[in-house]
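Let me begin by presenting the structure, written as structure tokens, before commenting on it.
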Amino acid sequence: MEELVEPDNICELDIRAGMFGWSPRERHALVSSVDIVETVPEAVQRLLMTAKNLVVFSCFHYPFNMVAAQTAFSAIELAVRLRSEADGLSGNLRGLHDSMQRAINQKWIADDATLSRPLRQQQVVSPEAGLTYVEVPAAEQFVEVLGKVFPKYRNEMAHGSSIMDNLGADMVLDANRIINQIFRQTPVSNALP
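Under the numbering used here, the final residue of the sequence shown carries the number 490; numbering is consecutive throughout.
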């Protein structure tokens, strides 16, 4: 059960962070490993930076890990909305699912060196090489998988779930990579409507 943190204990590591081997320095290094490209609008940068800070602070209060993921998902939605407006695209985007699908369909995001899953390998016997490994192509692109998983995950948390996993940092970093791709080629005004 979560408890209100006492002011005298605010800088004590959450026991769950210790179980995962997290420290503020380790979490900071992790979220610092992916920069936010400068063409990302300030409002989106602010949400991403908040998500990254929440990952660091999750060492002291583990549930911030999930809040970080939610904040990163909000950053994706805002990024797609701003990019859509800049490109003159109309149509109501109802949530993260629609936003991810638009980004995929418009080819603003795609698997690349920064955003992809590790290739699967399968062991096979080759007459020339003997026992060896071959790469097995994925059934679908990683961004397509994220386009399905992120909205389900977000909705699960937003509509009253007790999810409490340790994937917040991974989701924040993937959201950062997605947003970088959305704005890599197209600077968009920082102004919000």
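A virtual CB, placed ideally from N, CA and C, is assigned to each residue, including glycine.
Under a three-way DSSP split, which group does Asn362 fall into?
-> Here residue 362 refers to the residue found at position 65 when the sequence shown is read from its first residue. Note: Asn362 maps to helix in three-state DSSP.
Nearest-angstrom Cα distance between Ser459 and Tyr359?
-> For the purposes of this step, residue 459 is identified with residue 162 of the sequence shown, where counting begins at 1. For the purposes of this step, residue 359 is identified with residue 62 of the sequence shown, where counting begins at 1. For Ser459 and Tyr359, the distance between alpha carbons rounds to 13 angstroms.
Can the beta-carbon of Leu345 be found closer than 8 angstroms to that of Ile333?
-> Taking the first residue of the sequence shown as position 1, residue 345 is located at position 48. Taking the first residue of the sequence shown as position 1, residue 333 is located at position 36. Cβ atoms of Leu345 and Ile333: closer than 8 angstroms.
Go ahead and pull the three-state DSSP assignment for Lys404.
-> By 1-based counting over the sequence shown, the position of residue 404 is 107. Coil, per DSSP.
Using the C-alpha atoms, what's the distance from Arg322 back to Ser330?
-> Counting from one through the sequence shown, the residue named residue 330 turns up at place 33. Counting from one through the sequence shown, the residue named residue 322 turns up at place 25. Answer to the nearest angstrom: the Cα atoms are 12 angstroms apart.
Inspect the CB distances between the stretch 376–385 and the stretch 472–482 and report whether three or more fall short of 8 angstroms.
-> yes
Could you round the C-beta distance between Ser355 and Arg391 to whole angstroms and report it? I think they count as a contact, below 8 angstroms.
-> As a first step, residue 355 must be located in the sequence shown, where it is residue number 58. As a first step, residue 391 must be located in the sequence shown, where it is residue number 94. About 29 angstroms; that fails the 8 angstroms criterion.
Identify every run of the alpha helix (DSSP H) within the stretch 329–400, keeping only runs that are complete inside it and at least 4 residues long; order them along the chain.
-> 339–354 and 361–383
When the Cα atoms are used, what is the spatial distance from Ala340 to Phe480?
-> One-based indexing of the sequence shown puts residue 340 at position 43. One-based indexing of the sequence shown puts residue 480 at position 183. Those two C-alpha atoms are separated by around 13 angstroms.
From this set, Glu335, Ala410, Val440 and Ala314, which residue's C-alpha is nearest Lys404's C-alpha?
-> Position 107 of the sequence shown, counted from the first residue, corresponds to residue 404. The candidate whose alpha carbon is nearest that of Lys404 is Val440.
Would you give the residue range spanned by the alpha helix (DSSP H) that Ala455 belongs to?
-> Numbered from 1 along the sequence shown, position 158 holds the residue referred to as residue 455. Unbroken alpha helix (DSSP H) run through Ala455: Phe439 to Ala455.
Does DSSP put Ala488 in a helix, in a strand, or in coil?
-> Along the sequence shown, read from residue 1 onward, the residue named residue 488 stands at position 191. In this predicted model, Ala488 has a pLDDT of only 48, less than 50, meaning its place in the structure is not dependable enough to derive any value.
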